[in-house]
Structure formats: structure tokens, C-alpha cells
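A.B. asks:
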Amino acid sequence: MNDSLSNSQNAETLVVEAQQNLKGLLREAFHHADNETAVLVYDTACLLSRILFEAYKRCLPQAVFIDFHETPPQKILEAFAALKPLDLVVLIQSTNFRLDKFRIRVELFKRQIKVIEHPHLSRMADEEAAFYVDSLEYDSSYYRGVGRALKAKIDAASSGVLDSGGEFLVYDSPFESAKLNIGDYSEMPNMGGQFPLGEVFTEAKELRSLNGRVNIFIFGDTSYKINHPQTPITLVIKEGQVVDCENATPKFEEILSLIREGEGVVWVRELGFGLNRAFSKTRTVRDAGTYERMCGVHLSLGAKHGIYGKPGFKRGDGKYHVDVFADAHSFRLDDEIVYKNGAWIV
């Protein structure tokens, strides 16, 4: 084992736990057999990347292992070119790997290659590694059962209400067909994506139907890390736009200013339902893109949400998509409470 990994406190325990979780993920979500081809591209620039590298080595002993920073880009592309449909590529990235114009996940998906991507691992502190490892456990009955049930209820609902501690945000509109990130790729064109898993997301069909107030306890800042203000920030939303906020911090004001400068107004678009029980209000990781899977409710600020087309919103025109995390006490779809006290109850 790498010296820097073996000297890290509890690292071997985390490697063993990660190995167990990844075995389940590879078996149940990716149907990957030991004799099937796999290529693992990695770096060892942070503790979490080293833990995952060691765990995957134990899970995939027959795989081809490529150190991204020690291998010429052409050699990596040659390894990818040799792959066949349904082969597997794993990307363990302290940052985000770039190969000139070759968009790794997109190009591999075009060839029906399975992709597991772990990006931006260096954004997380060493003491958060255990939470990340926990988040890789794949409970298929939970993710698929809750995920599908939640999608069915979202798709059938005509309204929704988010209660964030006595502040109510009202969706007076049906919702767009919900998208699933639950490790079930049977009805999807691609197999894989960014990990960890665990999200169902949608948005209001009519963005202007959104009115009310919502308490935000964490938001993604300009460094793409979570920012946890001492006092929750209250957003005042009218006809789908943030028109005021209370208890804003300078960092949050910076976010609002950037969106207004770039887009004129601050739209509220994504309505995300995180399912991953490894993350909560108290179990946090610094990378906002990872924490987005947190078991709870998040929204996005800014016009950018290319999954759903809307009149007056051209795909690719929006500049900003900033995740903000509601201090959710409950969420109601029509007359049914589907989330309460930190858990989904569907």
C-alpha cells in the first residue's frame, strides 16, 4: 500500500469498507463480472483518491490501472480505444481529468462503455473521507424502491409545499417528469455517471408558480464548496424568482450578485430530492456536487438547468446553477407528506 495511505489514521479500515461498498455497487448496479474488462484511471493527490484507488485494486485485480499524471494522454486514449461496448472505465479524480477535446465520460458513453466517475475528491477534507465511503454503499431496494415511488408521486402531483421550519415555499404547478439517479440503468441510454448515487430531481412546469419563503442552511459558494452560515438564510421567492433574502452573508450576496449581473434576475429552477443517507444536515462533505445527494431537499438558483426546456429559456444560455440546501422539515406533494424529519416516507 502507498506509504502516505498506510500512515493515515484509520485508512486501512476505510479501504476495507470502501472495497465492500464498491463490490456491491459493481455487482448490483453495473452487473460487472470479474472476467470482464475494466480500465481504472486514477491519481493519488489526496487521501480519498488513494483510499478509492486501493479499494478498486482489491475489487478489480484484473483491471488495467493508469496513473493519469504519470501517463501521456495518447496512451490513455489508446487504452480507451481498445475497449468494447459494456466494458468499464473508473475515473478517480482529485480534481477533474482533462484530455484536450476528448470529453471522457461523454465520448465513452457514445460507445456504450460503462463509466463510474469520482470527481473533485480533493475538495473534501480528510476527516470527511468516512462519510464519502459510507455514501458508496448501494442499498438497491432502498434506492430503487424510494426512487421509483417518489418519481411516480412527483409525476402525478399537481402541487407541492416545502416547509423549512415555519417558512413555506409553494409550488402551485405540476412538475416536470422526474429524473432518477438511483443506480438502475435498465431504461437509460448510458450506464454510469458521477458518484455517489442518490437523487430524484424535477422542476415546476410553470416556473412562475413558485411563491413563498424558504430557509437555506447550506449553499454552494464560488469555490464549488458548501458554505454553512451560522444563521439560516431566508429566501423570499415571488413568481419563481428570488426577490429578497434575510440573514444573507457576504458570500451569499456575492452569489446573488454574480447571477444578477450575468442573467438579470435570480430564477429558482431545480427541485432536487437527495436520497443518500450517508449525508445529512450534520454529516457533510465540502464538495457541493457530492453533498447534493444529501438525504433532503435542495434547489438551484440561476437560469441554467439544461435537462428541462422552457419557453424563453434557450438550452445553454443560462450561466449559473447554484445549489442551495433547504432546512427541510417536510415536503408535501398534493395532500401527502413524502419527506419528514430527515427521511423519505414513500
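Those letters in the sequence shown? Residues 2 to 347, by this note's numbering.
Note that beta-carbon positions come from the ideal geometry of N, C-alpha and C, so glycine has one too.
All values derive from a computational prediction rather than experimental measurement.
#1: Kindly list the residues whose CB is nearer than 7 Å to the CB of L61, restricted to its own chain and excluding five residues on each side of it in sequence; keep chain order.
#2: Of the residues T96, E108 and L163, which one's Cα is nearest the Cα of S331?
#3: Could you tell me the distance, in whole angstroms, from the CA atom of R28 to the CA atom of D140?
#4: So, for A289: in the same chain, excluding its five sequence neighbours on each side, which residues have a beta-carbon less than 7 Å away from its beta-carbon?
#5: Do you know offhand how far N191's Cα is from A150's?
#6: Please state whether DSSP places K154 in a helix, a strand or coil.
#7: Expressed to the nearest angstrom, what Euclidean distance is found between the alpha-carbon atoms of V90 and E55?
#8: Are the CB atoms of L49 and L122 nearer to each other than 8 Å?
#9: My output table needs one value for H299: the three-state DSSP class, helix, strand or coil.
#10: Taking Q195 as part of the beta strand (DSSP E), name the residues at either end of that continuous run.
#11: Please name the residue in D101, A279 and G303 whose C-alpha comes closest to that of Y292.
#12: Going by the CB atoms, is the gap between I93 and R70 shorter than 8 Å?
#13: Looking at the structure shown, is T223 part of a helix, part of a strand, or coil, going by DSSP?
#14: With a threshold of 16 other CB atoms inside 10 Å of the CB of A34, please say whether the residue is buried or exposed.
#15: What are the boundary residues of the alpha helix (DSSP H) that includes A39?
#16: Between K24, K315 and D88, which has its C-alpha nearest Q113's C-alpha?
C.D. replies: So, from the listed chains and residues:
#1: A39 and L41
#2: Closest by C-alpha distance to S331, out of T96, E108 and L163, is L163.
#3: Near 12 Å, if we compare the C-alpha coordinates of D140 and R28.
#4: G221, Y225, K226, I227 and D324
#5: 22 Å
#6: Here K154 sits in helix by DSSP.
#7: 16 Å
#8: yes
#9: strand
#10: G193 to Q195
#11: A279
#12: Checking the sequence shown, residue 70 turns out to be His, not Arg. Cβ atoms of H70 and I93: not closer than 8 Å.
#13: coil
#14: It counts as exposed.
#15: Counting along the chain, A39 falls outside any alpha helix (DSSP H), though it belongs to the beta strand (DSSP E) covering A39 to Y43.
#16: D88
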